[in-house]
Structure formats: C-alpha cells, structure tokens
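K.L.:
My questions will all concern the structure given below.
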Amino acid sequence: MIPKLDWRRFSEATDREGFISDLSAAISGPGLFRLTHHGIDPELICDAFTGSTSVFDLTEAEKRTLAMQAGPHNRGWARLGVERLADGSSVLERREAFNIGLELPRTDPRVATRQRFRTQTPWPAIPGFRDTMLSYYDAVLELGLALHRAFAAELSLAPDCFDPLFVDPLATLRLITYPPGTGSDAETGAGTHTDFGSISLLLTDDQPGLQAKLRNGDWIDVKPDSDSFIILLGDALECWTGGKYAATPHRVQSPKHRRQAINFYLDPAPEASLSPFPGFGKAVQRPQKYVDYLAEGLSAAHQVMQR
Ligand SMILES: O=C(O)CCC(=O)C(=O)O
Ligand SMILES: [Fe+2]
C-alpha cells in the first residue's frame, strides 16, 4: 500500500503533527507516497497533458529541430531509445521525452556563456505550449519546495534549511510518452533506477506501467491516480540526510497502450553540495557539487545519444 498524504494538513496547518507523523512512516516504510489535495489547478494539469500529446504528435522532422544535444544540456526532445536509465543493462528503453528547464532570459550570463544545463528550452511552435508548461513548472516547483518545509520539520531542522540548496535550481519538467510494447523481453519502458535530484513529483495518465521497489525488496505496481502526485525520493535527498531518506528505486514496464507521464524532477542548484547535513551521518556520495553528479549520471544515461 502506498500511503496517501493530504497536503492541506500541512499547508493549511490543520494537522501539521499528524502530517509529519504520516510522512515519517511513509519515508521509513515504503519509501514513497501519494500527495493528495495538492492545490495544483486540474485545468492546468489537463492543459499540460494536452500540450504533451501535441509535442509528441509533431512530425519527426519537426521534433528533430527540438532535439536534445548530447553534452549533456538536458533540454528538448529525446527520441525513442536514446536514453538508458538502468545501469549496465542492454535492454532497450522505449520512450520519447521532452525536457523543460528553468526559463532564464537569453541575456542571463549563465545562458550567454553556455553554462552546463543553462541552455534555454527549444520551444515548439504550438500555440500556448510554452505558457502552459512554464505555469505548470512554476506551480509544481513551489509545491515541491513547500514540501521540503515538511521534510525539514520531520528531520527536526530549521524550516528554511533547504532553501539555499534550491536557488535557481536545475529542476526539470519532463514530458514522457511510451509507445505500446511489442511484447519482446529485450525492451522495457524505463529500466530500474533512482532519480538524481531531491524528489520527483509524478503524474501519469490512466495507463499502468510504473513500479516501485519497497524497502523490503518487494516490487509493487504504482497504479495511476489522477488526483494525486506520486512522490519519489531521489539521490540528492538521500545524500543530505545521510541515507535516512533513501532514494526510491523504480522502473516502467512497456504499456499495452500509449502511456503518458508528466514528471517534475526537483533537482537542486548546480552548486549544491551532496554532503550530509551536520549530524546526519556518513557521506553517501563522494563530496561533489550537484551539477557534476547530474552531468555524470546523464552522460551515462545518454551514451546511446552520443553514438
Ligand atoms: O513514466 C514514469 O512514470 C516514470 C519515468 C521515470 O522514472 C523517469 O523518467 O525518471
Ligand atoms: Fe525515474
């Protein structure tokens, strides 16, 4: 069972203690949870799904003009089969993705000097697409950051302890589409992995496929539910908490019918360190800046793109 947490209990302060106690149980128990009553406008969510369909329905030639470049800068369209999230596997991962990052002005020195992951998103000429995606990005970023206030309370840390780690974050909104599986064992939707950042806020359509590995080693189906976000814990949060918030392994099986997911990866700022908070035990990763960790992880995932 995946715990369901009603966000109003914390955000409207109607039952903060109860929320924190359920959050504790979710983190030390299964290691993932659903967040209900999250306050994101259902119409915005619907528009985001419509926008996602329109970008993947563009012609191959149109999508090629929006293609993600190996490098990696992690913006734009990744064609079928060019990313591999599972380490050391040869199984083909069949999905297309479109990644959207924090929108900095072209004149921003970080964009002008082509700093890693600071490229602008290559926007398709779909009316309303950019506005919808940026509104969705901002709304889910705000929700994700607010959720870190609850993590801070759960960890008995200052409410704003996470704030410096998320200044102009590398957070990514990722639209994904999975074509129907062919039934072959040599393919999947996404191989087993953990996400790189702090948390991931996932929304999917009504097609099943996502599976998560519980702390006890069992794999469970994460059933689609349009009223809640699936919250997965990522590598950075595991590092900061010295392993207390262990990252959630997950994978996606090839669906019977086309499947769409709109996932928000709350990655921290490039300069954020991966060292544990004081008093949180041993380092999980060698000391490094998040940008280097992400670059290494993505470059492994994008080996197929580089060929
Ligand atoms: O499609 C999903 O539900 C999850 C995809 C995923 O795990 C990823 O792209 O990191
Ligand atoms: Fe993932």
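Each residue of the sequence shown is one higher than the last, beginning at 1 in full-length UniProt numbering. Glycine included, each C-beta is placed from N, C-alpha and C at the ideal position. Note that the coordinates shown come from a computational prediction; the quantities given were computed from them, not determined experimentally.
Taking all protein chains shown into account, decide if CYS239 is buried (16 or more other Cβ within 10 angstroms of its Cβ) or exposed.
P.N.:
Classification for CYS239: buried.
K.L.:
Please give the ranges of any beta strand (DSSP E) in the segment 78-119, keeping only runs that are unbroken, at least 3 residues long and fully inside the region.
P.N.:
As far as the segment 78-119 is concerned, its whole beta strand (DSSP E) runs of at least 3 residues are 96-100.
K.L.:
Taking only three categories from DSSP, how would you classify SER275?
P.N.:
SER275 falls in the coil class under three-state DSSP.
K.L.:
Which residues does DSSP list as the beta-bridge partners of residue 309?
P.N.:
The requested residue 309 does not occur in the structure, where the chain is confined to residues 1 to 307.
K.L.:
Shorter than 8 Å, the distance from the beta carbon of ASP87 to the closest heavy atom of ligand 3, or not?
P.N.:
You won't find ligand 3 in this model; what it holds is ligand 1 and ligand 2.
K.L.:
Counting beta carbon pairs with one atom in the segment 247-264 and one in the segment 208-224, are three or more of them shorter than 8 Å?
P.N.:
At 8 Å Cβ cutoff, the stretches touch.
K.L.:
Flag this pair as yes or no: are the beta carbons of GLU93 and GLY189 separated by less than 9 Å?
P.N.:
In this structure, GLY189 lies closer than 9 Å to GLU93 by Cβ.
K.L.:
Quick one: what's LYS223 bridged to in DSSP?
P.N.:
Looking at the DSSP assignment, LYS223 forms no beta bridge with any residue, so it has no partner.
K.L.:
Give me the residue from ALA269, ASP41, ALA186 with the minimum Cα distance to GLY81.
P.N.:
For GLY81, the nearest C-alpha among the options comes from ALA186.
K.L.:
Could you check where the beta strand (DSSP E) with ASP6 kicks off and where it finishes?
P.N.:
Taken as a continuous stretch (DSSP letters only), the beta strand (DSSP E) holding ASP6 covers 4-6.
K.L.:
With C-beta atoms as the reference, is LEU170 less than 9 Å away from GLY197?
P.N.:
Yes, these two residues count as a Cβ contact at 9 Å.
K.L.:
Is any heavy atom of ligand 2 found at a distance shorter than 8 Å from the C-beta of ALA171?
P.N.:
No.
K.L.:
Based on DSSP bridge pairs, tell me the residues matched to HIS250.
P.N.:
In the DSSP output, where bridge partners are listed per residue, HIS250 has HIS193, ALA212.
K.L.:
Looking at the secondary structure, which residues open and close the alpha helix (DSSP H) in which ILE27 lies?
P.N.:
Here the alpha helix (DSSP H) through ILE27 covers 16-28.
K.L.:
Could you say which of ALA236, ALA26, ALA78 lies nearest to GLU60 if we only look at CA atoms?
P.N.:
Minimum Cα distance to GLU60 is reached at ALA78.
K.L.:
Can you grab the Cα-Cα spacing for the pair ASP41 / LYS223, in whole Å?
P.N.:
Rounded to whole angstroms, ASP41 to LYS223 spans 21 Å at the Cα level.
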